[in-house]
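S.K.: Got a structure for you, questions after.
Chains as they are written, first to last, in the working numbering: chain A, 7 to 449; chain B, 39 to 180.
What follows is the structure, given as structure tokens:
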């Protein structure tokens, strides 16, 4: 059995260590309530009617499979507030996540939703070493992205102090870390590697900082990265998972045994399905996570296709004492979404930007690198006769407007490279749009 | 008279120029002069050739992006102030030079300055009014 690497702490043992049969009963009760809440939405009203579903016809958790699937496209189709099930007066927060094209999708929260969200974050934070006497630093952007605020309120719930440093300015982050004797840092794993390098360059040693714990999320990372970060900084790094469509961070997180991320099962029903057939896969087999929010009021989402590939484990008990199901690291996606410096980007967004500039979309290839520790995004664009000019300043202007459009849509600056026609690879007539050289694939 | 110039998109990497010259060679097309404007990542190759239509067609067919632009070729006197005389006209009419390049040709090695202006026709008239006559394509490529 795996060892506990730090003292074992459990924020809500009454739920996290609940008897499984009891939890299932709670899940069923909440699933019915969730269906009731979802029934006021046009999308679900129609689907439920087609499938003959009402809350009182759901008699066991197996009936979950009869419920309709919800996709990102469905959320887009009902933009902006078609998935909001409460009156505006009940809303207290609205976040947004990037979509496959320019428009984001909104997610709303009631007062209870925010409390639920912070509780879920508090659970994984405590599991990963957070105590009320600590000072924490949040280096996630505060904004539409759920990472910053989600973790902020989770830490408040635990009662630790927060330095809301937000993202960027590594020098200042390190000054804060050092001078405020920060114990716990919230950021993306690649940013932690970046901090580690700058710290090293400044001649600081592990012992100069009080830093002990880090909670990582927002992007894909590997076990190799964990070893590298822990070794360089002398800290314990914990993984957590979540997505704004469901709630934000807090769906699951690692405990002191680090044998997968414990899913907050009393609030989220997580299925692992074959992405082709949508049939459940066996325990430990890879599949796509499909998540139902059980307790959310503002956006009661049912069976959301996350596009995230992972594995679920439930047979082997965890030495931490939690009885919840665990999930493995997210290995990849079933669609073409990229996560660049923590930001979700789709190739179709780049295509949309190119269309805006030139009127037609040329062949392009997105290349992703991680030369130091930060993502570098390049987009190679084949020159078109329509946009070519014999004047250099015109071509520079073209490059600048492509850069402007892409960053306006994705929020990411790409290195724009104009390349010769037909120089990008086409396989079977179909152009390949993404080449990821960051070495993040996990097997 | 205006001269037709071919402009080609090239990437700034080894092996970008040869395929272009190879196409011209295979079609027996001689380059009168060329100029290359480059950035770190890409460049624009500007060519003056006699059979510009044929060159445009064979290069386009070979997959290159070719643009035809009107430029003005002006003789430059080989003495101090030779170029200044030309630019004085440009300055007088407040015209912007998009780009320019020089070469020599013929038995007496006449120096020629090739200019790209936004309104070549109009600019040509200004030169004409100052008794500066552009070199004809016929002379340039004979």
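C-beta: ideal position from N, C-alpha, C; glycine also.
Using a Cβ-Cβ cutoff of 7 Å, what residues of the stretch 308-342 of chain A are near chain B? List them in chain order.
M.R.: Going along the stretch 308-342 of chain A in chain order, one finds no residue with a Cβ nearer than 7 Å to chain B.
S.K.: Return no unless some Cβ of chain B is closer than 8 Å to the Cβ of residue 449 of chain A.
M.R.: Start at 1 with the first residue of the first chain, and residue 449 of chain A comes out as number 443. Confidence in residue 449 of chain A is poor, its pLDDT being 39 and thus under 50, which makes the residue's placement too unreliable to answer from.
S.K.: Does any C-beta atom of chain A lie closer than 8 Å to the C-beta of residue 53 of chain B?
M.R.: Taking the first residue of the second chain as position 1, residue 53 of chain B is located at position 15. It does not; no Cβ of chain A falls within 8 Å.
S.K.: Where in the stretch 88-160 of chain A do unbroken runs of the alpha helix (DSSP H), each at least 4 residues long, occur, reported from the N-terminal end onward?
M.R.: The qualifying runs are 117-133.
S.K.: Check whether the stretch 125-141 of chain B touches the stretch 413-425 of chain A, taking contact to mean three or more Cβ pairs, one atom from each stretch, closer than 8 Å.
M.R.: Output reads no: the stretch 413-425 of chain A does not touch the stretch 125-141 of chain B.
S.K.: With distance defined between alpha-carbon atoms, name the residue in B/57, B/140, B/75, B/124 nearest to residue 166 of chain B.
M.R.: Indexing the second chain from 1 puts residue 166 of chain B at position 128. Comparing Cα positions, the closest option is B/124.
S.K.: Going by alpha carbons, who is nearest to residue 195 of chain A out of A/183, A/171, A/188, A/242?
M.R.: In the first chain, residue 195 of chain A corresponds to position 189, counting from 1. For the residues A/183, A/171, A/188, A/242, the minimum Cα distance to residue 195 of chain A belongs to A/242.
S.K.: Looking at C-alpha atoms only, which residue of A/168, A/121, A/149, A/148 is the closest neighbour of residue 139 of chain A?
M.R.: Walking along the first chain from the start, residue 139 of chain A turns up at place 133. Closest option to residue 139 of chain A, Cα to Cα, is A/168.
S.K.: For the stretch 135-148 of chain B, which residues have a CB atom closer than 9 Å to at least one CB atom of chain A, in sequence order?
M.R.: Hits within the stretch, in order: 136, 137.
S.K.: Could you tell me which residues DSSP pairs with residue 401 of chain A in its beta bridges?
M.R.: Numbered from its first residue, the first chain carries residue 401 of chain A at position 395. Residue 401 of chain A is not bridged to any residue.
S.K.: Specify whether the stretch 46-57 of chain B and the stretch 114-124 of chain B touch according to this definition: at least 3 beta carbon pairs, one from each stretch, less than 8 Å apart.
M.R.: With a cut-off of 8 Å, the stretch 114-124 of chain B and the stretch 46-57 of chain B do not count as touching, because too few Cβ pairs lie within range.
S.K.: Does the pairing of the stretch 328-337 of chain A with the stretch 262-280 of chain A give three or more beta-carbon distances under 8 Å?
M.R.: Touching, yes.
S.K.: From what residue to what residue does the beta strand (DSSP E) around residue 193 of chain A run?
M.R.: Counted from its first residue, the first chain places residue 193 of chain A at position 187. Here the beta strand (DSSP E) through residue 193 of chain A covers 190-193.
S.K.: Take residue 204 of chain A and list the residues in its own chain whose beta-carbon comes closer than 8 Å to its own, dropping the five residues that flank it on each side.
M.R.: Counting from one through the first chain, the residue named residue 204 of chain A turns up at place 198. Within the same chain, residue 204 of chain A has close Cβ partners 176, 177, 180.
S.K.: Quick one: does residue 73 of chain B have its CB under 8 Å from some CB of chain A?
M.R.: As a first step, residue 73 of chain B is located in the second chain; it is residue number 35 there, counting from the start. So no, residue 73 of chain B is outside the interface.
S.K.: From this set, B/158, B/164, B/141, which residue's C-alpha is nearest residue 69 of chain B's C-alpha?
M.R.: For the purposes of this step, residue 69 of chain B is identified with residue 31 of the second chain, where counting begins at 1. It is B/141.
S.K.: Please state if the CB of residue 71 of chain A and the CB of residue 109 of chain A are separated by a distance shorter than 8 Å.
M.R.: Counting from 1 along the first chain, the entry for residue 109 of chain A is found at position 103. Counting from 1 along the first chain, the entry for residue 71 of chain A is found at position 65. No. Outside cutoff.
S.K.: With DSSP as the reference, label residue 164 of chain B as helix, strand or coil.
M.R.: One-based indexing of the second chain puts residue 164 of chain B at position 126. DSSP places residue 164 of chain B in helix when its eight states are reduced to three.
S.K.: Tell me whether residue 454 of chain A is buried or exposed, calling it buried when 16 or more other Cβ atoms sit within 10 Å of its Cβ.
M.R.: Since the first residue shown for chain A is 7 and the last is 449, residue 454 of chain A is missing from the structure and cannot be characterised.
S.K.: Report, in whole angstroms, the separation of the C-beta atoms of residue 388 of chain A and residue 443 of chain A, which I expect to be a contact under 8 Å.
M.R.: The residue given as residue 388 of chain A occupies position 382 in the first chain. The residue given as residue 443 of chain A occupies position 437 in the first chain. Actually they are not in contact, since the Cβ atoms of residue 388 of chain A and residue 443 of chain A sit about 20 Å apart, beyond 8 Å.
S.K.: Quick one, are the C-beta atoms of residue 251 of chain A and residue 197 of chain A less than 8 Å apart?
M.R.: Position 245 of the first chain, counted from the first residue, corresponds to residue 251 of chain A. Position 191 of the first chain, counted from the first residue, corresponds to residue 197 of chain A. Cβ atoms of residue 251 of chain A and residue 197 of chain A: not closer than 8 Å.
S.K.: So residue 43 of chain B is in the beta strand (DSSP E); what residue range does that whole segment cover?
M.R.: Residue 43 of chain B sits at position 5 when you count from the first residue of the second chain. Residues 41-49.
S.K.: At a CB distance below 8 Å, what residues from the stretch 410-429 of chain A approach chain B? Give them in sequence order.
M.R.: The stretch 410-429 of chain A vs chain B, Cβ under 8 Å: 423, 424, 425, 426, 427, 428, 429.
S.K.: Around the C-beta of residue 449 of chain A, are 16 or more other C-beta atoms found within 10 angstroms, so that it is buried, or is it exposed?
M.R.: Here residue 449 of chain A corresponds to residue number 443 of the first chain, with the count starting at 1. Caution is warranted here: a pLDDT of 39 is assigned to residue 449 of chain A, below 50, making its placement in the model unreliable, and no coordinate value can be reported.
S.K.: Between which residues of its own chain and residue 171 of chain B is the CB-CB distance below 6 Å, once the five residues before and five after are set aside?
M.R.: Start at 1 with the first residue of the second chain, and residue 171 of chain B comes out as number 133. So the list is empty, once near-sequence residues are dropped.
S.K.: Residue range of the alpha helix (DSSP H) that residue 231 of chain A falls in?
M.R.: Against the first chain, residue 231 of chain A aligns to sequence position 225. Per DSSP, residue 231 of chain A belongs to the alpha helix (DSSP H) from 229-239.
S.K.: Could you have a look at residue 448 of chain A and say whether DSSP puts it in helix, strand or coil?
M.R.: Locating residue 448 of chain A in the first chain gives position 442, where the first residue counts as 1. Unreliable positioning characterises residue 448 of chain A in this predicted model, as indicated by a pLDDT of 45, which lies under 50. The coordinate reading is nonetheless provided below. Three-state DSSP puts residue 448 of chain A in coil, outside helix and strand.
S.K.: Just the Cα atoms here: how many angstroms apart are residue 163 of chain B and residue 356 of chain A?
M.R.: The residue you call residue 163 of chain B lines up with position 125 of the second chain. The residue you call residue 356 of chain A lines up with position 350 of the first chain. Their backbone Cα atoms lie some 46 Å apart in a straight line.
S.K.: Contact criterion: CB-CB distance below 8 Å. Does residue 48 of chain A meet it with respect to chain B?
M.R.: Indexing the first chain from 1 puts residue 48 of chain A at position 42. Answer no: the Cβ-Cβ gap between residue 48 of chain A and chain B never drops below 8 Å.
S.K.: Taking its Cβ as the centre, do 16 or more other Cβ atoms sit within 10 Å of residue 116 of chain A, making it buried, or is it exposed?
M.R.: As a working mapping, residue 116 of chain A is identified with position 110 in the first chain. Its Cβ being crowded by 16 or more others within 10 Å, residue 116 of chain A is buried.
S.K.: Closer than 8 Å by beta-carbon distance: list the chain A residues that pair up with residue 107 of chain B, in chain order.
M.R.: Taking the second chain and counting its residues from 1, the one referred to as residue 107 of chain B is at position 69. Going along chain A in sequence order, the residues near residue 107 of chain B (Cβ under 8 Å) are 396.
S.K.: With DSSP as the reference, please indicate the residues paired to residue 219 of chain A in a beta bridge.
M.R.: Your numbering for residue 219 of chain A matches position 213 in the first chain. DSSP lists A/190, A/242 as partners of residue 219 of chain A.
S.K.: Does the distance from the CB of residue 160 of chain A to the CB of residue 128 of chain A come in under 8 Å?
M.R.: Residue numbering aside, residue 160 of chain A sits at position 154 when the first chain is read from its first letter. Residue numbering aside, residue 128 of chain A sits at position 122 when the first chain is read from its first letter. Taking 8 Å as the Cβ cut-off, residue 160 of chain A and residue 128 of chain A qualify as a contacting pair.
S.K.: Could you tell me whether the stretch 43-53 of chain A touches the stretch 311-323 of chain A, using the rule of 3 or more Cβ pairs below 8 Å?
M.R.: Flag = no, the stretch 43-53 of chain A and the stretch 311-323 of chain A do not touch.
S.K.: Quick one: Cα of residue 247 of chain A to Cα of residue 152 of chain A, how far?
M.R.: Indexing the first chain from 1 puts residue 247 of chain A at position 241. Indexing the first chain from 1 puts residue 152 of chain A at position 146. In a straight line, the C-alpha of residue 247 of chain A is about 12 Å away from that of residue 152 of chain A.
S.K.: Does the pairing of the stretch 277-285 of chain A with the stretch 226-235 of chain A give three or more beta-carbon distances under 8 Å?
M.R.: Contact fails: fewer than three Cβ-Cβ distances are below 8 Å.
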